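Only one structure is covered here, and it is reproduced in the block below.
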Amino acid sequence: SALAGFMDQGESIEEAVAREVMEEAGIEVKNVKYHSSQPWPLPYSIMIGCHAEAASTNINMDTEEMTDVKWFTREEVLLALEGKNENLRVPMKIAIAHHLLKDWAYQNI
């Protein structure tokens, strides 16, 4: 799936993306771009999907929040989208995370 979290009061979307990625994966990001949104089942909530560029590839995972964080190549994601990668399963097509991965893999961003 994709990294996710909740926005803090007074925080911009870009700030929330940078903070959540840093908290969960220890990766600094830049050039955060809005992708799309999806209604979320929690009351009064919406999932906002964004793409960002990593400033480094070093991962420093938060072991309390995450069980695994990995980098995948575009080719690995493309194979997973076709159901041909045993090491990576993509979220269902109804999930915003699926569309984030798909658009990145097919370079539609």
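For what it's worth, this note's numbering labels the leading residue of the sequence shown as 13, then goes sequentially.
The beta-carbon is built from N, C-alpha and C at its ideal position, and this holds for glycine as well.
Every value quoted in this text rests on a predicted model; they were computed, and no experiment measured them.
As assigned by DSSP and simplified to three states, the class of residue i
i: E23; result: coil
Own chain, CB closer than 8 Å to residue i, minus 5 neighbours either side, in chain order
i: E88; result: N97, N99, L100
i: N70; result: G38, I39
Through-space distance from residue j to residue i, alpha-carbon basis
i: W83; j: Y56; result: 32 Å
i: I108; j: G95; result: 18 Å
i: P53; j: E27; result: 24 Å
i: S48; j: G17; result: 15 Å
Cβ shell of residue i (< 7 Å), same chain only, five flanking positions each side left out
i: E65; result: V41, K42, N43
Identity of the residues DSSP links to residue i by a beta bridge
i: K42; result: E65
i: S49; result: I60
Test item: CB-CB of residue i and residue j under 8 Å
i: P102; j: C62; result: A quick correction: the sequence has Val, not Pro, at residue 102. Not closer than 8 Å, so no.
i: A117; j: R86; result: yes
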